[in-house]
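Since the structure comes first, as structure tokens, the remarks are kept for the end.
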Amino acid sequence: MGTSRENLITVAVGQEDAGTRLDRFLAAQAEGLSRARVQALIRAGNVSSGVAETIRDGAHRVKPGETFTISVPEPEPAVPGPEKMALDVVYEDDQLIVVDKPAHLVVHPAAGHASGTLVNALIAHCGASLSGIGGVKRPGIVHRLDKGTSGLLVVAKTDAAHQGLSQQFAAHGVDGRLKRTYLALVWGKPTRPRGSIDAPLGRSPINRAKMAVTKAETGRRAVTHYEVINTFESGRSTRPVSLLKLQLETGRTHQIRVHLAHIGHPLLGDSTYGSGFKASISTLTPAAQERLTQLGRQALHATELGFEHPVTGKKLHFSSPLPDDLGALVETLETAH
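Printed below as a string of structure tokens:
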């Protein structure tokens, strides 16, 4: 089982640990290894008891005096290859990295985007500092931004950071550790200056590539809070444009885009969920029309990200101003106001 490329971790069972599941016990004792990683190592035959007995059952109940050895292989090279590209790094340490993602950059390789993604760029940028997520030298993606959405994104560099951040994002900020704020330009003006959109989301029964508000049992709870920051009455428009600040209580796929379209205020530039508002573009001033056409994406920016450092426990908070393309559109709308 052991080779020169494996790290051996040995732990002994104390009286207080008697009867604990093996996978839970090892995850608690082996620093930097998540329970999922431990379970994978057990299944792979990388955990032994005593001198040589290999144990492949994570549900094995440990006994006082038992000694277990975990053989942790060197992380394998990431399947997505490294690709050097410019990154706007807001913060980085040996556990995680926060980047300000530009619009039009895909986060993770997928069908149609096998390369040229943020993950490819992070593998090149982080290099040896990636200690392995699940045994692979890759960045740990705990949340994503759509290709057309710009702004702040945190990525784990170690198993421990990945586990801690995943727990915070799974809690959706209910425990007060996580904060995510977005800025968005939408068609129209909400009737209330602030409010909440509480509507479950699921796959659209008409188009499985899209999400939709649904009352079906498969729908997952989704809550978005909004506040109107400014409203622009431009040109001859009977449909103004509003700048909203949004905070997520949950983090579902396309949540903001679907919720805003659901209440009749889709994002400017959202061809997927705001296609019914294409005619509204012609009601803007020529300068605003040109800016919106040049935008070429939904007008959504992740402007604020706060979380608890998954290893040190320190409160971290980051902010990102509107990028140039959205800033120019807002300036044009203000000029025509």
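At position 216 of the sequence shown (counting the first as 1) the number is 215 in numbering that gives the first Met the number 0, and the numbers step up by one without a gap.
Glycine is no exception: its CB is placed at the ideal position from the N, C-alpha and C atoms.
Legend entry - Own chain partners of Glu30 with C-beta closer than 8 angstroms, once the 5 adjacent residues on each side are dropped: Excluding five sequence positions before and after Glu30, the CB atoms of its chain that fall closer than 8 angstroms to its own CB belong to Ala159, given in chain order.
Inset, instruction - Helix, strand or coil for Gln14, going by three-state DSSP, please let me know. - result: helix
Inset, instruction - Answer with buried or exposed for Pro285, where buried requires no fewer than 16 other C-beta atoms within 10 angstroms of its C-beta. - result: With fewer than 16 Cβ atoms within 10 Å of its Cβ, Pro285 is classed as exposed.
Inset, instruction - Would you kindly check if the distance between the Cβ of Ala155 and the Cβ of Val141 is under 8 angstroms? - result: yes
Inset, instruction - May I ask you to verify whether the stretch 168-184 touches the stretch 48-68, counting CB pairs closer than 8 angstroms and requiring at least 3? - result: no
Inset, instruction - Helix, strand or coil for Asp324, going by three-state DSSP, please let me know. - result: helix
Legend entry - Three-state class that DSSP yields for Val329 in the structure shown: helix
Inset, instruction - Measure the CB-CB distance between Leu304 and Ala183 and report whether it falls below 8 angstroms. - result: Contact: no.
Legend entry - Segment contact, 8 angstroms Cβ cut-off, at least three pairs: the stretch 246-258 with the stretch 210-227: yes
Inset, instruction - Enumerate in chain order the residues of its own chain whose CB-to-CB distance from Ser165 is below 7 angstroms, with the five nearest sequence positions on each side excluded. - result: Val141
Legend entry - Close Cβ partners of Leu7 (< 8 angstroms) along its chain, the five nearest in sequence each way excluded: Gly1, Thr68, Ile69, Ser70 and Val71
Inset, instruction - Would you be able to state if there are at least three C-beta pairs under 8 angstroms between the stretch 216-230 and the stretch 267-282? - result: Counting Cβ pairs under 8 angstroms, fewer than three are found: no touch.
Inset, instruction - Would you please state the rounded distance, in angstroms, between the beta carbons of Gly163 and Pro309? I believe it to be under 8 angstroms. - result: 2 angstroms
Inset, instruction - May I ask which residues mark the beginning and end of the alpha helix (DSSP H) holding Asp22? - result: Leu21 to Gln28
Inset, instruction - With DSSP collapsed to three states, give me the class of Ile338. - result: No information on residue 338 is available, as it lies outside the stretch 0 to 336 that the chain covers here.
Inset, instruction - Evaluate His316 with the Cβ neighbour count: other Cβ atoms within 10 Å of its Cβ, from every protein chain shown; 16 or more gives buried, anything less gives exposed. - result: exposed
Inset, instruction - Sort His300, Pro63 and Thr9 by Cα distance to Val185 and report the nearest one. - result: Of the residues His300, Pro63 and Thr9, the one whose Cα lies closest to the Cα of Val185 is His300.
Inset, instruction - Return the residue from the list Glu15, Leu245, Leu151 and Thr230 that minimises the CA-CA distance to Phe349. - result: Here the chain has residues from 0 to 336 only, and residue 349 is not among them.
Legend entry - Local Cβ density within 10 Å of Val12, reported as buried at 16 or more and exposed below that: By the neighbour-count rule (16 or more Cβ atoms within 10 Å), Val12 is buried.
Inset, instruction - Round the Cβ separation of Leu104 and Leu95 to the nearest angstrom and send it over; I've been treating them as touching at under 8 angstroms. - result: Not confirmed; about 19 angstroms, so no contact.
Legend entry - Spatial neighbours of Cys125 in its chain, beta-carbon cut-off 7 angstroms, leaving aside the 5 residues before and after: Ile96, Pro138 and Lys156
Inset, instruction - Pull up the distance between the alpha-carbon of Arg193 and that of Gly263, whole angstroms please. - result: 15 angstroms
Inset, instruction - Within its chain, find whatever has a CB closer than 7 angstroms to the CB of Gly64; leave out the 5 residues flanking it on each side and keep chain order. - result: Closer than 7 angstroms at the Cβ level, and outside the excluded window around Gly64, lie Val12.
Inset, instruction - Decide if Thr292 is buried, meaning its Cβ has at least 16 other Cβ atoms within 10 Å, or exposed. - result: exposed
Legend entry - Assigned exposure category for Thr66 - 16 Cβ within 10 Å defines buried: exposed
Legend entry - Cβ-Cβ distance between Asp324 and Ala169 below 8 angstroms: no
Legend entry - Gly115 - containing alpha helix (DSSP H), residue span: Neither: Gly115 is in no alpha helix (DSSP H) and is coded neither H nor E.
Inset, instruction - With a 10 Å radius around its C-beta and 16 neighbouring C-beta atoms as the bar for buried, classify Ala260 as buried or exposed. - result: buried
Legend entry - Gly49, buried or exposed, once every other Cβ within 10 Å from all chains shown has been counted against 16: exposed
Inset, instruction - Check each candidate in Ala43, Asp92 and Gln14 and name the one with the smallest Cα separation from Lys313. - result: Asp92
Inset, instruction - Quick one: give me the first and last residue of the beta strand (DSSP E) that Pro72 is part of. - result: Thr66 to Pro72
Legend entry - Completely contained alpha helix (DSSP H) runs for the stretch 139-186, where each covers 4 or more residues: With a minimum length of 4 residues, the continuous alpha helix (DSSP H) runs that stay inside the stretch 139-186 are 158-170.
Inset, instruction - Would you mind working out which of Ser241, Thr190 and Thr249 sits nearest Gly218, comparing C-alpha positions? - result: Thr249
Legend entry - Buried or exposed (CB count within 10 angstroms, at least 16 for buried), Asn206: exposed
Legend entry - For Phe317: DSSP bridge partner residues: Leu304
Inset, instruction - Go ahead and label Arg251 buried or exposed: buried means 16 or more other beta carbons lie within 10 angstroms of its beta carbon, across all protein chains shown. - result: buried
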